[in-house]
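Below is one structure; the comments refer to it alone.
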Amino acid sequence: MPPPTTSNPMKRKGPTFQPPRQVKPPAPSTATSKPAKGGSKTSAARTSTSARKSAASRPSFQSATNLISSSSPEQDDADGIDDEDEEMEDEDVNATQRRPGPSTAAALEPAASQDTTRPAIPPNLLARLLHEGFEDKDMKIQKEAMSVVGKYMETFVREAIARAAFEREDAERGGGISDGFLQVEDLEKLAPQLVLDF
Amino acid sequence: MADTEASLREERLKSALWYSIGQFVDEECLRQNLNATPQFIGALTELVYTQISNTSRDLETFAKHAGRAVVHTDDVMLLSRRNEGLESVLKTFVEEIRAEEGRAAPRAGAGAKWRGKAAVGRGKGRGRK
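In order, the protein sequences belong to chains G and V.
Here the first sequence is numbered in this note's numbering, starting from 144 and rising by one per residue.
Here the second sequence is numbered in this note's numbering, starting from 8 and rising by one per residue.
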């Protein structure tokens with residue numbers, strides 16, 4: 144599988160984009176970043192399989208309890224999860240096999256932005272939690288709105304972690320406990336402002 | 008009886024949330040070279056759970072105020088009304104989604120999708136091809 148794909152991008156790349164210059168930098172950069180990536184990617188692969196498991200088990204659970212009023216978002220969400228998995232597998236292949244040319248650029252881009260790797264909360268779970276919170280059980284939510292809520296909650300969690308890391312740095316500079324572990328007290332300090340901001 | 012059932016369900020939902028938050032935090036920590044205590048993850052789960060239930064009540068209220076029984080993207084955008092940074096994040100996200108959907112064939116969409124599309128087309132005065 145990999146050898147034909149490696150040869151194709153090379154050939155394609157030569158004529159369309161230009162230089163031998165660009166071929167050089169990507170190769171060493173992937174080589175240097177590879178060990179660090181290897182660790183996180185394997186864990187990503189592991190989590191993706193478990194996510195798949197939970198995704199497989201959840202829809203049946205929901206239909207059994209009959210609580211979700213809208214069915215189309217769930218199906219779309221399930222599709223979304225599958226796409227995510229495929230993306231991660233692709234990344235895995237790119238990281239381990241070190242393809243040259245445009246494919247490395249494609250591999251580096253998601254690693255740089257990293258927002259697209261996986262949602263903080265699985266869409267199915269978030270939909271269930273939202274419907275649980277509605278007082279009117281006939282309330283429905285659009286698919287697009289659902290994914291925007293997903294983004295909103297992901298931003299919330301990311302922000303919480305980032306602020307906690309910031310609090311930890313502060314605390315360590317002030318001479319507190321310094322084992323580098325995020326503590327509940329960090330969260331306690333940031334929670335009021337965080338909730339006000341969201 | 009009903010109370011215990013409801014609380015049981017809540018507990019199960021919370022543990023599901025705990026699991027996914029835990030995984031997300033672990034990933035973030037690997038990326039940023041940090042560590043998090045299990046207590047931190049538990050507390051964060053509690054915070055997120057509360058935030059989600061507040062959010063869902065807000066969304067319901069917004070939609071009802073607009074005289075709808077369906078939450079639209081506009082209602083979600085209202086969540087970010089007090090935070091400009093967040094608003095721009097969500098706006099770019101919505102634009103990305105719409106760009107992707109525009110590229111994908113719109114006719115294959117389900118009922119809800121189609122309705123959304125039609126509404127968008129009408130709003131901006133551009134017809135579907």
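Ideal Cβ placement from N, Cα and C applies to all residues, glycine included.
Since this is a predicted model, take the numbers as computed values, not measurements.
In summary, the residues of the segment 72-83 of chain V whose CB is separated from some CB of chain G by less than 8 Å are Ala76, Val77, Val78, His79, Thr80, Asp82, Val83, in the order they occur in the chain. In the DSSP secondary-structure assignment, Ala43/V is bridged to Leu325/G. A residue is called buried when at least 16 other Cβ atoms come within 10 angstroms of its Cβ; Asp322/G does not meet this threshold and is exposed. Secondary structure at Lys283/G: strand, using DSSP grouped into helix, strand and coil. Close to Ser63/V, with beta-carbon spacing below 8 Å, are these residues of chain G in chain order: Leu272, Leu273, His274, Glu275, Gly276, Phe277. A buried status is given to Gly293/G, since no fewer than 16 other beta-carbon atoms sit within 10 Å of its beta-carbon. Interface criterion met: the Cβ of Gly323/G is under 9 Å from a Cβ in chain V. For the C-beta of Ser60/V, the chain G residues within less than 9 Å are, from N- to C-terminus, Leu272, Leu273, Glu275, Gly276. Contact annotation for Ala50/V against chain G: Val327, Leu330 [CB-CB distance below 7 Å, chain order]. DSSP lists Ile284/G as the bridge partner or partners of Val78/V.
In the structure shown, the three-state DSSP call for Leu86/V is coil.
Cβ neighbours of Val55/V within its own chain (closer than 8 Å, five residues either side excluded): Leu24, Ile28. Note on Gln39/V: under 16 other CB atoms within 10 angstroms of its CB, so exposed under the neighbour-count rule.
Across the structure, Val77/V and Ile284/G are spaced so that their CA atoms are roughly 5 Å apart. DSSP places Arg105/V inside the alpha helix (DSSP H), whose first and last residues are 91-110.
Only exposed fits Arg88/V, as fewer than 16 other CB atoms lie within 10 angstroms of its CB. Sequence-ordered contacts of the segment 18-44 of chain V with chain G read Leu20, Ala23, Leu24, Tyr26, Ser27, Ile28, Gln30, Phe31, Val32, Asp33, Glu34, Glu35, Cys36, Leu37, Arg38, Gln39, Asn40, Leu41, Asn42, Ala43, Thr44 [C-beta pairs closer than 9 Å]. Ranked by Cα distance from Ile264/G, the first of Asp340/G, Arg311/G, Glu310/G, Glu297/G is Glu297/G. In the three-state DSSP reduction, Ala50/V falls in the helix class (H, G or I). Using a 10 angstroms sphere on the CB of Ser290/G, the tally of other CB atoms reaches 16 or more, which defines it as buried.
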